[in-house]
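Student:
Residue numbers (this note's numbering): 198 to 578.
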């Protein structure tokens, strides 16, 4: 079912032209070179060999903590500056106790998973799931509320789907995959997931509105905005802590980072007020909220997907950068803090912010066409 914008709300768009100021005192980070010679744009963090330490997985290799020793995983097909590798999502797919990797790729149009063999120097088996179409990347999110991760690819130019999976000895490779159709609005550059309307169910964001989950595999399109070609993910987050969900996104192939405040008009209809966060750099293709300074409030972490379209995007060859933005509720704006800029480190298409060294603060893994890096949070040092 589709609900048109005029039937729901006349969405308000108020763009506040404030350039994000850099904060003087922020969290400091130390750069670690994991592999400067690779161009994989996705990375995941997991304990590959169950030794109690978190390792880094990216493309055709995994890197063993604490010295980041490189281990071969698989051959990955190259296509110019790209690889058939647009997501590295860590999850135990087959329930055997070893964490695997779920992937989605643009060129071969496949959702697939790479099975952890449980042996440090063995090749990992690549197992195809489906071939829905060209995909920018994919995210893990619990869509159906069963407290298990589901796979939500970002499909362009073909019908969109999400996938649930569970251990099943009777199915091929011991895993039963179920494919769930989404309305046509989900086929676009940009998606995200979260509870937009506060009803306890996971909704799905698209660049032209959001899909309200009304029941199992039932969706209602609510066309309340039109944002263009967005980041993946778009984030559902209560930015201003007023009790409802706001939306944060970037222009994945252009300049601009924004958020929209959810509100309510006098007639009770939902409104969206748009605010500029930062337009000084381009290609914010991936982002996540994470509490980097341990103050109990999550910051927005994002950075440049360097040469996302091989230098053809606006600012595609501009200096690389990774930032975090802290929201100031009094000024109602995000302030920018530098993780690293003007260096070799970019932010890629899919990655993780996680306490990789177990010291009590969150670190930032940074893949991209300029190499693979770890930005170690020095808060606890």
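Using N, Cα and C, we set each Cβ at its ideal position, and we do this for glycine too.
My parser needs the beta strand (DSSP E) runs of 3 or more residues fully inside the segment 262-350; what are they?
Tutor: Whole beta strand (DSSP E) segments, 3+ residues: 266-269, 286-288, 297-301, 308-312, 322-327, 332-338.
Student: Could you tell me if residue 333 is buried or exposed, where buried requires 16 or more neighbouring beta carbons within 10 angstroms of its beta carbon?
Tutor: The residue you call residue 333 lines up with position 136 of the chain shown. Classification for residue 333: buried.
Student: Exposed or buried, residue 479, counting other C-beta atoms within 10 Å across all chains shown (16 or more means buried)?
Tutor: Along the chain shown, one-based indexing puts residue 479 at 282. Residue 479 should be labelled buried.
Student: Specify, as a first and last residue, the run of the beta strand (DSSP E) that residue 567 falls within.
Tutor: Counting from 1 along the chain shown, the entry for residue 567 is found at position 370. Segment: none, residue 567 is in no beta strand (DSSP E) and carries neither H nor E.
Student: How would you label residue 477, buried or exposed, when you count the other beta carbons within 10 angstroms and need 16 or more for buried?
Tutor: On the chain shown, position 280 is the one that residue 477 refers to. Label assigned to residue 477: exposed.
Student: Throw me the rounded Cβ distance for the residue 521 and residue 498 pair, which I believe falls under 8 angstroms.
Tutor: Translated into the one-based positions of the chain shown, residue 521 becomes position 324. Translated into the one-based positions of the chain shown, residue 498 becomes position 301. Contact flag correct, Cβ pair sits at about 5 angstroms.
Student: Assuming the contact rule is C-beta atoms closer than 8 angstroms, residue 308 and residue 350 should be a hit. Round their C-beta distance to whole Å, please.
Tutor: What you label residue 308 is simply residue 111 of the chain shown in a count that begins at 1. What you label residue 350 is simply residue 153 of the chain shown in a count that begins at 1. Yes, residue 308 and residue 350 are in contact; Cβ-Cβ is about 6 angstroms, under 8 angstroms.
Student: To the nearest angstrom, how far is it from the Cα of residue 264 to the Cα of residue 305?
Tutor: As a first step, residue 264 is located in the chain shown; it is residue number 67 there, counting from the start. As a first step, residue 305 is located in the chain shown; it is residue number 108 there, counting from the start. Cα to Cα, residue 264 sits roughly 34 angstroms from residue 305.
Student: Tell me which residues share the same chain as residue 358 and place their Cβ nearer than 8 angstroms to its Cβ, disregarding the 5 neighbours each side in the sequence.
Tutor: The residue labelled residue 358 in the question sits at position 161 within the chain shown. Contacts found: 327, 329, 350, 352, 376, 377, 378, 379.
Student: Suppose the cutoff is 8 angstroms on Cβ atoms and the five residues either side in sequence are ignored; what does the same chain contact list for residue 412 look like?
Tutor: For the purposes of this step, residue 412 is taken as residue 215 along the chain shown, with counting starting at 1. Closer than 8 angstroms at the Cβ level, and outside the excluded window around residue 412, lies no residue.
Student: Unbroken beta strand (DSSP E) runs of length 3 or more, entirely within the segment 377-432: which are they?
Tutor: Entirely contained in the segment 377-432, the beta strand (DSSP E) runs reaching 3 residues are, in chain order, 389-391, 400-403, 406-412, 415-419.
Student: Using the C-alpha atoms, what's the distance from residue 455 back to residue 408?
Tutor: Taking the chain shown and counting its residues from 1, the one referred to as residue 408 is at position 211. Taking the chain shown and counting its residues from 1, the one referred to as residue 455 is at position 258. Straight-line Cα distance between these residues: approximately 20 angstroms.
Student: Hey, quick one: how far does the beta strand (DSSP E) through residue 493 stretch, first residue to last?
Tutor: Counted from its first residue, the chain shown places residue 493 at position 296. Run containing residue 493: none; DSSP gives neither H nor E here.
Student: DSSP state of residue 481, grouped into three classes?
Tutor: Walking along the chain shown from the start, residue 481 turns up at place 284. Looking at residue 481 - three-state DSSP - the assignment turns out to be strand.
Student: Using only alpha-carbon positions, find the residue among 460, 259, 566, 419 that is nearest to residue 440.
Tutor: As a first step, residue 440 must be located in the chain shown, where it is residue number 243. Comparing Cα positions, the closest option is 460.
Student: Assuming residue 386 and residue 404 form a contact by the criterion Cβ under 8 angstroms, report the distance between their Cβ atoms to the nearest whole angstrom.
Tutor: The count along the chain shown starts at 1 and reaches residue 386 at position 189. The count along the chain shown starts at 1 and reaches residue 404 at position 207. Sure, about 7 angstroms apart at Cβ, within 8 angstroms.
Student: Just to confirm my understanding: we take residue 281, look at its own chain, exclude 5 residues before and 5 after, and list those with CB closer than 7 angstroms. What are they?
Tutor: Position 84 of the chain shown, counted from the start, is the residue given in the question as residue 281. Answer for residue 281: 273, 274, 302, 304, 305, listed in chain order.
Student: Using 7 angstroms as the threshold, is the C-beta distance between residue 450 and residue 505 below it?
Tutor: For this step, residue 450 is matched to residue 253 along the chain shown. For this step, residue 505 is matched to residue 308 along the chain shown. Taking 7 angstroms as the Cβ cut-off, residue 450 and residue 505 qualify as a contacting pair.
Student: Is residue 556 closer than 7 angstroms to residue 577 when the C-beta atoms are compared?
Tutor: By 1-based counting over the chain shown, the position of residue 577 is 380. By 1-based counting over the chain shown, the position of residue 556 is 359. Yes, the Cβ-Cβ distance between residue 577 and residue 556 is below 7 angstroms.
Student: Could you pull the DSSP bridge partners for residue 229 from this structure?
Tutor: Here residue 229 refers to the residue found at position 32 when the chain shown is read from its first residue. Per DSSP, 571.
Student: Helix, strand or coil, according to DSSP, for residue 371 in the structure here?
Tutor: Walking along the chain shown from the start, residue 371 turns up at place 174. The answer is helix: DSSP assigns residue 371 an H, G or I state.
Student: Quick one, which of 268, 337, 363, 569 has its alpha-carbon nearest residue 318's?
Tutor: Stepping through the chain shown from its first residue, residue 318 is reached at position 121. Of 268, 337, 363, 569, the residue nearest in Cα terms is 268.
Student: Give the DSSP-derived three-state secondary structure of residue 246 in the structure shown.
Tutor: For the purposes of this step, residue 246 is identified with residue 49 of the chain shown, where counting begins at 1. Three-state DSSP puts residue 246 in coil, outside helix and strand.
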